[in-house]
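Novice:
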Amino acid sequence: MASQENQDSDPDLVTGVPASEFDKTALLKGHVGDEPVVLARVGDEILAVSGACTHYSGPLGDGIVEGDTIHCPWHHARFSLRTGEALAAPAFSPLGRWKVEQRDGRVFVTDKLKAEPQPARDARNDPKRIVILGGGAAGFAAAEMLRRRGYVGQLTMLSADEDTPYDRPNLSKDYLAGTAEESWIPLRSEKYYARNNIDLQLRTNVDRIDRDAGTVVTANGQAIPFDRLLLATGAEPVRLPLPGAEQPNVFVLRSLADSRAIISATQNAKSVTVIGASFIGLEVAAALRTRGLQVHVVAPETYPLEKVLGKEFGAFIRSVHEGHGVHFHLGTTPSRIDDRTVQLSDGKSIDGDLVVLGVGVKPRIALATKAGIVTDKGILVDEFLETSVPGIFAAGDIAEWQDRAHNERRRVEHWVVAERQGQVAAENMLGMRRPFMSVPFFWSAHYDVTIRYIGYASSWDAIEIDGSIEKQDCIVAYKKGGRTVAAASINRDIGLLECEVAMGRPTEHKAA
Ligand SMILES: Cc1cc2nc3c(=O)[nH]c(=O)nc-3n(C[C@H](O)[C@H](O)[C@H](O)COP(=O)(O)OP(=O)(O)OC[C@H]3O[C@@H](n4cnc5c(N)ncnc54)[C@H](O)[C@@H]3O)c2cc1C
């Protein structure tokens, strides 16, 4: 949230700012009453929109303007400066807009404008029944986009989850640390689904897809017909085949119920052993240190996150956690779990009240494979996110898509990618033929250090560090064949946004 202090030092846009300010910058922060508002220059025009991102209130005035869009520095949501529309997740709600007047060399913000209606779309060929299989990032984003684009047909969302779609990334961060409000977690209230005529069926496990009948069949035998189907079943945590891994004090973390179960287990606990120095494993370590537990992390690698971020970044992450009192046991693996003790392959053992496994996930593609849909590491989809079976689409952690820009297949496990794929798949289920073009983006938070990452680098020839990782002021570029294929940053939000734009201008949701 933009602080009151910052807001007070920003100009009151009702009383105006000199137009000459825009000779130096394309973006100017200010306020109208209590609301943060930004002015953005687009060619000769100056436009005014709300200064707080509708996702987590990120300060849009610290983002960038590209064409007639504005990018949030925190989680890279993108909005139209003309209509306010949230063009790319993780934000869904539009920004407020204001009328701007220029006179006597000054720029004034005057009346608040009404929300812009969506442009008309020819809906005559829309499918009658769309089924979304999965109530997570991709599933929710697809349902929201279908209704946003004016789809009025039957819309059913089936989810094995017991909760309405929620903010999964928070489950290993503030929510697990006990510093998030419960109200931050649902993506929308229960009423939203009723209001938007979305038939959300929770605790509903789908067993199979009957392609001939054009139905999905639930575990209790209900057959639900579809004209278009979106598969968005996500991934499930890997459970190590270790003796003792099925004990009740051994947890994984995927769902809100999992996060609640870990929180409940920490109530009378003093120490936890986290197995796996993955992003989720380390975020769990940070959250549970914040709760005051003693934390041990066991992992085979020498530097945490080395495979994704490289040695130097890994060493820094390790030092951040050690600075907060985490004990690392690296270069070793667990061999068994005996009640409260994790035995390690190097002969040592760690005592603890609970164990959390953070050793990766595997995409839930069995339903697709069983239905004869072509799969590899994930479900193969074309650039429009359609599977090998016409009318059946896939998005999110399960989707292995064709990246047109690099002529490569990719599958990633990122929140924003899943949501944006859900949005693009929704439009394509309506026949809009939008290729999925977003540059992958994710973030990860460890205490007060947030790492943001764009692009895709399963390997690299060289790493170039601009700034200092230790001083938490850097952009680290991962290079392959002389080209930057990915970049990670700490406290260099604008630089990273600019790098993202340079890497591939995202075009999947053009401003109307
Ligand atoms: C704790 C945690 C923290 C994370 N933090 C970050 C982060 O900071 N940044 C980031 O970029 N990414 C993060 N991720 C990854 C991100 O959450 C995932 O990439 C994203 O949720 C994938 O979205 P999805 O829609 O593909 O799957 P999911 O969000 O997992 O949704 C899958 C849905 O499918 C349902 N389902 C599955 N099988 C069936 C079935 N047979 N029948 C009915 N329903 C079914 C599930 O119940 C669920 O509703 C995190 C993940 C976790 C678990």
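First residue of the sequence shown? That's 1 in my numbering, and the numbers climb one at a time after it.
The C-beta atom is built at its ideal place from N, Cα and C for all residues, glycine as well.
(1) Considering only their Cβ atoms, is the gap separating D68 from R78 smaller than 8 Å?
(2) Given a threshold of 16 other Cβ atoms within 10 Å of its Cβ, counted over all protein chains shown, does P18 qualify as buried or as exposed?
(3) Would you report the Cα separation of I224 and P390, rounded to the nearest angstrom?
(4) In the DSSP assignment, the beta strand (DSSP E) including T375 goes from what residue to what residue?
(5) Is any non-hydrogen atom of ligand 3 found closer than 7 Å to the C-beta of R291, if you look at the structure I gave you?
(6) Among A257, R260, A462, which one has its Cα closest to the Cα of G482?
(7) Please state whether the Cβ-Cβ distance between T215 and A160 is less than 8 Å.
(8) To which residues does DSSP link R103 through a beta bridge?
(9) Whole beta strand (DSSP E) runs in the stretch 277–322 with 3 or more residues, listed along the chain?
(10) What does DSSP give as the partner residues of C474 in its beta bridges?
(11) Along the chain, where does the beta strand (DSSP E) that runs through R433 open and close?
(12) Taking the beta carbon of Q421 as the centre, do at least 16 other beta carbons fall within 10 Å, making it buried, or is it exposed?
(13) Apart from the five residues on each side of it in sequence, which residues of its chain come closer than 6 Å, Cβ to Cβ, to C499?
(14) Could you tell me the distance, in whole angstroms, from the CA atom of V131 to the CA atom of F441?
(15) Taking 7 Å as the line, does the beta carbon of A426 fall inside it for any heavy atom of ligand 1?
(16) Are R97 and A48 closer than 8 Å when you measure CB to CB?
(17) With D207 as the anchor, note down where its beta strand (DSSP E) starts and where it stops.
(18) What first and last residue would you give for the alpha helix (DSSP H) that runs through D23?
(19) Ignore the nearest five residues each way along the sequence and tell me which others in G360's own chain have a CB closer than 8 Å to its CB.
(20) Can you tell me which of the three DSSP states F140 falls into?
(21) Measure the alpha-carbon distance for W401 versus H321 and round it to whole angstroms.
(22) At a Cβ threshold of 8 Å, is D338 touching chain B?
(23) Could you please give me the residues that DSSP links to I350 through a beta bridge?
(24) In three-state terms, what does DSSP make of G30?
(25) Locate the alpha helix (DSSP H) running through R195, then write down its first and last residues.
(26) Please classify D111: does DSSP put it in a helix, a strand, or coil?
(27) Can you look up D10 in the DSSP assignment and give me helix, strand or coil?
(28) Below 7 Å, is the gap between the Cβ of R147 and the nearest heavy atom of ligand 1?
(29) Round the Cβ separation of H329 and V297 to the nearest angstrom and send it over; I've been treating them as touching at under 8 Å.
(30) What does the Cβ neighbour count give for P59, buried or exposed, with the cut at 16 atoms within 10 Å?
(31) Indicate, with yes or no, if ligand 1 has a heavy atom lying under 7 Å from the CB of W415.
(32) Name the residue from P73, L309, E181 whose alpha carbon lies nearest to the alpha carbon of G61.
(33) Within 10 Å of its beta-carbon, does A2 have 16 or more other beta-carbons around it, so buried, or fewer, so exposed?
(34) Would the beta-carbon of S319 be found less than 7 Å away from any heavy atom of ligand 1?
(35) Count the CB pairs spanning the stretch 253–260 and the stretch 337–345 that are closer than 8 Å, and state whether there are at least three.
(36) Would you mind stating whether L28 and V109 have Cβ atoms separated by less than 8 Å?
Specialist: Considering the structure as presented:
(1) Result no, Cβ atoms of R78 and D68 do not sit closer than 8 Å.
(2) Counting C-beta atoms within 10 angstroms of its own C-beta, P18 has fewer than 16 neighbours from the protein chains shown and is therefore classed as exposed.
(3) One C-alpha to the other measures close to 18 Å.
(4) Taken as a continuous stretch (DSSP letters only), T375 belongs to no beta strand (DSSP E), as it is neither H nor E.
(5) The model on display carries ligand 1 but not ligand 3.
(6) Answer by Cα proximity: A462.
(7) Result no, Cβ atoms of T215 and A160 do not sit closer than 8 Å.
(8) According to DSSP, R103 bridges with R106.
(9) Correct list: 294–299.
(10) Residue pairing from DSSP places C474 in a beta bridge opposite G467, I490.
(11) Secondary structure note for R433: it is in no beta strand (DSSP E), with a DSSP letter that is neither H nor E.
(12) So Q421 counts as buried.
(13) Around C499, the same chain offers A487 as residues with beta carbons nearer than 6 Å, after the five sequence neighbours per side are excluded.
(14) Distance between the alpha carbons of V131 and F441: 27 Å.
(15) The answer is no for A426.
(16) Taking 8 Å as the Cβ cut-off, R97 and A48 qualify as a contacting pair.
(17) Following the DSSP letters along the chain, one finds D207 inside the beta strand (DSSP E) bounded by residues 206–210.
(18) Note, D23: alpha helix (DSSP H), 21–24.
(19) So the list reads P237, V238, G276, S278, once near-sequence residues are dropped.
(20) Here F140 sits in helix by DSSP.
(21) Cα to Cα, the separation comes out at about 35 Å.
(22) Among the protein chains of the structure shown there is no chain B, as only one such chain exists.
(23) Bridge partners of I350: V342.
(24) Under the three-state reduction of DSSP, G30 is assigned to strand.
(25) Here the alpha helix (DSSP H) through R195 covers 190–195.
(26) The answer is strand: DSSP assigns D111 an E or B state.
(27) Coil at D10, not helix or strand.
(28) Remark: the C-beta of R147 is outside contact range of ligand 1, defined as less than 7 Å to any heavy atom.
(29) Sure, about 7 Å apart at Cβ, within 8 Å.
(30) Around the beta carbon of P59, 16 or more other beta carbons sit within 10 angstroms, so the residue counts as buried.
(31) True, at least one ligand heavy atom lies under 7 Å from that Cβ.
(32) Residue P73 is the option with its Cα nearest to G61.
(33) Here A2 scores only 43 on pLDDT, less than 50, and its place in the model should not be relied on; the value that follows carries that caveat. Classification of A2: buried, given that the 10 Å Cβ count is 16 or more.
(34) Checking the 7 Å criterion, the Cβ of S319 is out of range of every heavy atom belonging to ligand 1.
(35) Fewer than three Cβ pairs drawn from the stretch 253–260 and the stretch 337–345 lie within less than 8 Å of each other, which leaves the two stretches out of contact.
(36) It is not a contact, given that the beta carbons lie outside the stated cut-off.
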